[in-house]
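Worksheet: one structure, shown below.
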Amino acid sequence: MKYMMLVCTDTEPDRDPGAAPDIEKWVAERDANGQRLTGSRFAPPSAATTVRVRDGELLLTDGPFAETKEVIVGFDLLECADLDEAVEVARAHPMAYAGRIELRPLVED
1 MKYMMLVCTD TEPDRDPGAA PDIEKWVAER DANGQRLTGS RFAPPSAATT
51 VRVRDGELLL TDGPFAETKE VIVGFDLLEC ADLDEAVEVA RAHPMAYAGR
101 IELRPLVED
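Using the working numbering, you'd call the opening residue of the sequence shown number 1 and step up by one each time.
Take a look at the structure:
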């Protein structure tokens, strides 16, 4: 089963990520065992462009659509047997220590 893992953090983190595992090691281990299919960091929210169409008119907005304290800073596409395995992968990610990880199963037709 495939899961989109959204890596999130607060815009003003209040935690010390000192105890977090090394991200390069996490990536190498997940790539080696086939759990991580792809992934990347995102540019900051200020680089975002929001696209909407209203009444047939294209509306573009610089920056993120919503003002929030939480931002998505990256993603990983996972291939796991089930949610339990995906949770184990997510709990080992460094941002689970200083931010949060959201897992969403992909709907496959």
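The C-beta atom is built at its ideal place from N, Cα and C for all residues, glycine as well.
Computed from a predicted model, the values in this text were never measured in an experiment.
Selection from the options that minimises the alpha carbon distance to residue i
| i | options | result |
| --- | --- | --- |
| Q35 | A20, A86, L58 and L106 | A86 |
| A28 | H93, L106 and D82 | H93 |
| D76 | G39, T50 and D55 | G39 |
| A43 | L58, G63, D55 and G56 | G63 |
| N33 | R91, G56 and L78 | L78 |
| A19 | C80, T50 and R91 | R91 |
Nonlocal neighbours in the same chain, by C-beta distance under 8 Å from residue i, ignoring five residues either side
| i | result |
| --- | --- |
| C8 | E70, V71, I72, V73, M95, G99, R100, I101 and E102 |
| D82 | M1 |
Contact set for residue i: own chain, Cβ-Cβ below 6 Å, skip 5 residues either direction
| i | result |
| --- | --- |
| R104 | M4 |
| P21 | P94 |
Distance, residue j Cα to residue i Cα
| i | j | result |
| --- | --- | --- |
| K25 | D31 | 10 Å |
| L106 | C80 | 11 Å |
| Y97 | S46 | 24 Å |
| I23 | V53 | 38 Å |
| E108 | E57 | 32 Å |
| L37 | D10 | 26 Å |
| L6 | V51 | 20 Å |
| D84 | D55 | 44 Å |
Whole-number beta carbon distance between residue j and residue i, since they are thought to touch under 8 Å
| i | j | result |
| --- | --- | --- |
| L60 | T49 | 6 Å |
Proximal residues to residue i (C-beta, below 7 Å), its chain only, five neighbours per side dropped
| i | result |
| --- | --- |
| R41 | V73 and G74 |
| V89 | R30, Q35, L78 and C80 |
query = Going along the chain, which unbroken runs of the beta strand (DSSP E) with 3 or more residues stay wholly within the segment 19-44?
reply = 36-41
Complete beta strand (DSSP E) runs within the segment 53-105 (minimum length 3 residues, chain order) = 57-62, 70-79 and 100-105
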